[in-house]
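Have a look at the structure below before the remarks.
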Amino acid sequence: MNDKPARIQRRRTPGWRAPEGAVYVGRPTRWGNPWITAQTPRGTGWVVKWDGSRGQSPHVLVTETPANGQRDARTLAVELYETWLHHQPKLFDQVTEVLAGRDLTCWCPLPEPGEPDYCHAAVLLQLANS
C-alpha cells in the first residue's frame, strides 16, 4: 500500500469515484490555476493568459504571454501558478493546513513515467507535503 499522497486524474467514466478523502483542486475551486492555456485566435500557436474571472489580480504586469507550443504553455502556466501562489499568503498557508497528506484530483492528464508533471496539482502536492 502506498501512503504517499498522489495526483489523480478525474474521469467522466461511468462508475468512477475519487478515492475517499481526495480533494478536487480544479479551476472552480480556491486551488484552481488562474492561468489558462489557449491556442492563438488563428490556431497557429499557444498562449498563457490570466483568467480575470476569478476576481483576483496577477502578481505580474503581463496578463498574456506567448508559448512555444502546448507543452511550453502548460509548463509556463504551472510556473506562473506557483509564483502566484507564493504571493497569496492566506491561500499559501492553507495549502499545508488543508491539503497535507491528501490525494489531489484534477482533470490534467497524468505524465508518462519519468516525465515531468505539468499540472498545478503537482505543485500543490509538493508544497503541502514538503
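Per UniProt numbering, residue 1 is the first one in the sequence shown, and the count goes up by one each step.
Every residue gets a Cβ at the ideal spot worked out from N, C-alpha and C, and that includes glycine.
In this text the structure is predicted, and so the values were computed from the model without any measurement.
When the Cα atoms are used, what is the spatial distance from residue i to residue j?
i           : j    : result
Q39         : P66  : 10 angstroms
residue 156 : V78  : Outside the modelled stretch of the chain, which goes from 1 to 130, sits residue 156, for which no answer is possible.
N68         : P113 : 23 angstroms
P14         : P41  : 34 angstroms
L110        : K90  : 28 angstroms
A18         : C106 : 10 angstroms
N33         : H120 : 6 angstroms
F92         : R30  : 11 angstroms
A73         : V123 : 16 angstroms
E64         : H87  : 18 angstroms
My guess is that residue i and residue j are in contact by the Cβ rule of under 8 angstroms, so how many angstroms apart are they, rounded?
i   : j    : result
W22 : D117 : In the sequence under discussion, the amino acid at residue 22 is Ala, which differs from the Trp named in the question. Not quite, the Cβ-Cβ distance comes to about 16 angstroms (not below 8 angstroms), so this is no contact.
Q70 : T37  : 7 angstroms
Tell me, please, which residues DSSP counts as bridged to residue i.
i   : result
Q41 : The question names Gln, but residue 41 is Pro in the sequence shown. Answer is none; P41 lacks a bridge partner.
P66 : V47
R7  : L104
Consult DSSP for residue i and reduce its assignment to one of helix, strand or coil.
i    : result
L127 : helix
P89  : helix
Y118 : coil
E79  : helix
L104 : strand
W35  : strand
V95  : helix
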